[in-house]
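Trainee: One structure, pasted below without further comment.
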Amino acid sequence: MSVVDMVWPDQSNHHGTLFGGAALAALDRLAFIMGSKVLRGTVVTAAVSRLDFAAPAPAGHLIECTAEVVKRGRRSVTLKAALIAEALLTGERTHCLSGDFVMVSQQASGQTSPAAVRASAQAGASVLIEDTPDRPVVRVAEIVFPGHANHRGILHGGPAMAWLAKAGFVAATRHMRRTVVMASSERMDFVAPAHVGEVVEVLARVARVGNRSITVQADMWSESPLTGARRLCTSSSLVYVSVDH
815 MSVVDMVWPD
825 QSNHHGTLFG
835 GAALAALDRL
845 AFIMGSKVLR
855 GTVVTAAVSR
865 LDFAAPAPAG
875 HLIECTAEVV
885 KRGRRSVTLK
895 AALIAEALLT
905 GERTHCLSGD
915 FVMVSQQASG
925 QTSPAAVRAS
935 AQAGASVLIE
945 DTPDRPVVRV
955 AEIVFPGHAN
965 HRGILHGGPA
975 MAWLAKAGFV
985 AATRHMRRTV
995 VMASSERMDF
1005 VAPAHVGEVV
1015 EVLARVARVG
1025 NRSITVQADM
1035 WSESPLTGAR
1045 RLCTSSSLVY
1055 VSVDH
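Structure, rendered in structure tokens:
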């Protein structure tokens, strides 16, 4: 599994590169998401080992975090995670950080049965956006924390729109390898909520390409870590234009 993010100045140190704690947090977030998917329950980080900071990730670069299962037990899973920096205008990629994360299930008794989990996950497994070799899907994954939500524990529209825009920006810039800004977006209908504790995934793919503009289709899904049930929260077509001179 891989997800993308951007390195912003507020995540950077005085050298203008991604702060080590922020890099670790990005990998730990992916480890939580993937551990939840594998173990189907609430998980916590039990151990982190073999950390190797190989190179810095400069501000303004894309970071792609990847994780794969290297060992699985009844209540734990070990993931090999890595962080790669990418210069969006050139496509140059640099391996920055890797490590092993052990995630442990914190499921309580009376959890949903495996059969119910499988049925629920299959019921919500359809995805509107398909990955193709010429127009691959960009995935931004986030965990809905209380700071993202209102007093009812439901995700605010502001963070949701920011995550949609981030995924769209990466998809558009990766395709054009030029500096782009958002020019417009179609109406966004929030058809289902995302709740605190759920995983939100934004899937974005280039839909149309013009001379100086590019249209990206972006869908936002929420997923329950306990059951794997997925629901579409909102969709939009985002138009970006090149500002190269």
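Numbering (this note's numbering), first residue to last: 815 to 1059.
Quick reminder that beta carbons are idealized off the backbone N, C-alpha and C, glycines included.
#1: Assess, as a yes-or-no matter, whether the segment 974 to 992 is touched by the segment 1013 to 1027 under the definition of 3 or more beta carbon pairs within less than 8 Å.
#2: Just to confirm, are Leu969 and Ala1018 a CB contact at a threshold of 9 Å?
#3: Going by DSSP, what residue range makes up the alpha helix (DSSP H) through His989?
#4: Got a sec? Which residues, its chain only, sit under 7 Å from Gly849 by beta carbon, not counting five neighbours each side?
#5: Taking 9 Å as the cut-off, decide whether the C-beta atoms of Thr859 and Ser816 are in contact.
#6: If you compare alpha carbons, which of Ile957, Ala963, Val995 and Cys1047 is closest to Tyr1054?
#7: Unbroken beta strand (DSSP E) runs of length 3 or more, entirely within the segment 846 to 887: which are they?
#8: With a threshold of 16 other CB atoms inside 10 Å of the CB of Ser863, please say whether the residue is buried or exposed.
#9: What's the call for Ala837, buried or exposed, on a 16-neighbour Cβ count within 10 Å?
#10: So is Phe846 buried or exposed if we call it buried at 16+ other beta carbons inside 10 Å?
#11: Going by the DSSP bridge assignment, what does Val994 pair with across the sheet?
#12: Quick check: what's the CA-CA separation for Ser1056 versus Gly982?
#13: If you follow the beta strand (DSSP E) that Asp819 is in, where does it begin and where does it stop?
#14: Just the C-alpha distance for Ala986 and Ala861, rounded to the nearest angstrom, thanks.
#15: Does the beta-carbon of Ser1049 have 16 or more other beta-carbons within 10 angstroms, so that it is buried, or is it exposed?
#16: Among Ser912, Val1010, Glu1012 and Lys980, which has the Cα closest to the Cα of Ala1032?
#17: Per DSSP, what kind of secondary structure is Ala901 in: helix, strand or coil?
#18: Please list, in chain order, all residues of the same chain as Val1010 whose beta carbon is under 6 Å from its beta carbon, the five residues on each side excluded.
#19: To which residues of the same chain is Asp824 closer than 8 Å at the C-beta, ignoring the five residues directly before and after it?
#20: Between which two residues does the beta strand (DSSP E) harbouring Gln920 extend?
Mentor: From the atom records:
#1: Counting Cβ pairs under 8 Å, three or more are found: they touch.
#2: With respect to Ala1018, Leu969 sits apart: the two C-beta atoms are not nearer than 9 Å.
#3: Where His989 is concerned, the enclosing alpha helix (DSSP H) starts and stops at Gly971 to Met990.
#4: Cβ within range, chain order: Val857, Val891, Leu893 and Met917.
#5: It is not a contact, given that the beta carbons lie outside the stated cut-off.
#6: A check of alpha carbon separations from Tyr1054 across Ile957, Ala963, Val995 and Cys1047 identifies Val995 as the nearest.
#7: Annotation note: the segment 846 to 887 contains the following uninterrupted beta strand (DSSP E) runs of length 3 or greater, listed N- to C-terminal: 857 to 867 and 876 to 886.
#8: With fewer than 16 other Cβ atoms inside 10 Å of its own Cβ, Ser863 counts as exposed.
#9: Under this definition Ala837 is a buried residue.
#10: If you draw a 10 Å sphere on the C-beta of Phe846, you find 16 or more other C-beta atoms in it, and that means buried.
#11: Partner(s): Ser1056.
#12: Straight across, the Cα-Cα distance linking Ser1056 with Gly982 is about 14 Å.
#13: Asp819 -> beta strand (DSSP E) spans Ser816 to Met820.
#14: Each residue's Cα considered, the two are about 37 Å apart.
#15: Per the 10 Å Cβ criterion, buried.
#16: In this structure, Lys980 is the residue among Ser912, Val1010, Glu1012 and Lys980 with its C-alpha nearest to the C-alpha of Ala1032.
#17: The three-state reading of DSSP puts Ala901 in coil, since its state is none of H, G, I, E or B.
#18: Around Val1010: Val958, Pro960, Ala963 and Gly967.
#19: Take Asp824, set aside five residues on each side of it, and no residue of its chain has a beta-carbon closer than 8 Å to its own.
#20: In the DSSP annotation of this structure, Gln920 is not part of any beta strand (DSSP E), being labelled neither H nor E.
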